[in-house]
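Asker:
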Amino acid sequence: MRLMILLKNIHFRLFFGAVMISFSPVFVNIANVAPTTSGFYRVLFGGIALTFFIFLSGKKISFNQSAWIAIFCSAIFFSFDLWFWHRSILYVGPGLATLLANMQVFFMMAAGVLLFKQKPSVRQIISVPLAIIGLFMVVGIDWSNLPQNYQLGIVFGILTAISYSGYMLCMRQARINSTYSIPMREIAIMSLFVSIFLGSTAIFEGKSLLIPTVIDFSWLLAYGVLSHAVGLVLIASSLARVPTTEVGLALLLQPSLSFLWDILFFNRSTSLVEALGVLIVLFAIFLGFKRNSQQKLLG
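Now the structure itself:
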């Protein structure tokens, strides 16, 4: 009962949603299934949960042709996003993989300049070299000395950020003429599309879609329902109604907590230089954040 009262508070919903999403890489790491398989169940369980809630609320799912095309394209990008990110998690750990994925802020900034002729602010321009410096402090300057899988994990993390930027741009297009205040319908349909893409990919890769144990099923169900469905809806329902600073802090909370979970749950060793690098990257993400683009997408 107390939780239901708290959920009526938009500020609580925003940060509670960020906490839910921060556990995503934890679920990926502990579920004993292949990376593509965990992505498949995330969007399958999450998509079913969202669709069930929509119909339970007596709402309809209806889009025009251009919105359907944009949602389909967003699903393609989100499929790549999960494919790259889940492998990055396994190679470099949940914390760094999530930090790299949040570099999407800078790719969105580049898209704004190149595609929409938006002029970046001074703080956004400053954020780019700051992020690069912080990242080098985390992963090290001598690239050649890093293990091959670690190098691959970093590359996959950056490709995750690029893919997620493509997803957001397509979803933004899908919502141009939308009359829905929360993109629950778009995310539900997109999720089901992605489940088809990733399910087919897993079969093509020769990976089984069978879940080994009840415990693994529980982790994947929590991943899909709590992190994907509940987390996204809680954040989306709050964005348009809270101050910009709070949105920026929520943007930082998710990768910060994911890095913390990596240290607490998976014994990630972190030096003082690495910790400082993480803080610099998080600060750069905060500087690079632009509310307008996020609000058009989710609010």
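Letter by letter, the sequence shown follows residues 487 to 785 of the working numbering.
In this text, a Cβ means the ideal position worked out from N, Cα and C, and glycines have one as well.
(1) Pick helix, strand or coil for E732, following the three-state DSSP scheme.
(2) Going by beta carbon distance, what residues of the same chain come within less than 7 Å of S651, once the five residues before and after it are set aside?
(3) Please report the distance separating the alpha-carbon of V608 from that of I689.
(4) Within 7 Å of any Cβ in chain B, is that where the Cβ of K603 sits?
(5) Can you give me the start and stop residues for the alpha helix (DSSP H) that P672 sits inside?
(6) For the alpha helix (DSSP H) holding Y653, just list the boundary residues, first then last.
(7) For A708 versus T537, is the C-beta distance shorter than 7 Å?
(8) If you drop the 5 nearest sequence neighbours on each side, which residues of the same chain put their C-beta closer than 7 Å to that of C656?
(9) What are the start and end residues of each continuous alpha helix (DSSP H) run of 4 or more residues lying completely inside the stretch 599-637, in chain order?
(10) Closer than 6 Å by C-beta to A647: which residues in its own chain qualify, once you throw out the five before and the five after it? Chain order, please.
(11) Determine, using beta-carbon pairs with one atom in the stretch 507-526 and one in the stretch 664-671, whether at least three such pairs fall under 8 Å.
(12) Mind checking whether A736 and A553 have CB atoms under 7 Å apart?
(13) Buried or exposed: R727, going by 16 or more other Cβ atoms within 10 Å of its Cβ?
(14) At which residues does the alpha helix (DSSP H) containing A504 begin and terminate?
(15) Pull up the distance between the alpha-carbon of V711 and that of R661, whole angstroms please.
Answerer: So, to answer that:
(1) As a working note, residue 732 is residue 246 in the sequence shown. If DSSP states are grouped into helix, strand and coil, E732 belongs with the helices.
(2) Position 165 of the sequence shown, counted from the first residue, corresponds to residue 651. Closer than 7 Å at Cβ, skipping near neighbours: Q590, F593, M594 and A597.
(3) If you number the sequence shown from 1, residue 608 lands on position 122. If you number the sequence shown from 1, residue 689 lands on position 203. If you take the alpha carbons of V608 and I689, they lie about 47 Å apart.
(4) This model lacks chain B altogether, as it is built from one protein chain only.
(5) Position 186 of the sequence shown, counting from 1, holds the residue named residue 672. In the sequence as displayed, the identity of residue 672 is Glu instead of Pro. Unbroken alpha helix (DSSP H) run through E672: M670 to F690.
(6) In the sequence shown, counting from the first residue as 1, residue 653 sits at position 167. Q634 to A660 is the span of the alpha helix (DSSP H), which, as asked, contains Y653.
(7) Looking up residue 708 in the sequence shown gives position 222. Looking up residue 537 in the sequence shown gives position 51. No, the Cβ-Cβ distance between A708 and T537 is not below 7 Å.
(8) The residue labelled residue 656 in the question sits at position 170 within the sequence shown. A556, C559, S560 and F563, listed in sequence order.
(9) 608-625
(10) Along the sequence shown, read from residue 1 onward, the residue named residue 647 stands at position 161. Once the five neighbours on either side are set aside, the close Cβ partners of A647 are A587, M589, Q590 and F593.
(11) no
(12) In the sequence shown, counting from the first residue as 1, residue 736 sits at position 250. In the sequence shown, counting from the first residue as 1, residue 553 sits at position 67. The answer is no: Cβ separation not under 7 Å.
(13) For the purposes of this step, residue 727 is taken as residue 241 along the sequence shown, with counting starting at 1. Label assigned to R727: exposed.
(14) As a working mapping, residue 504 is identified with position 18 in the sequence shown. That run of the alpha helix (DSSP H) goes I496 to S508.
(15) The count along the sequence shown starts at 1 and reaches residue 711 at position 225. The count along the sequence shown starts at 1 and reaches residue 661 at position 175. Cα to Cα, V711 sits roughly 23 Å from R661.
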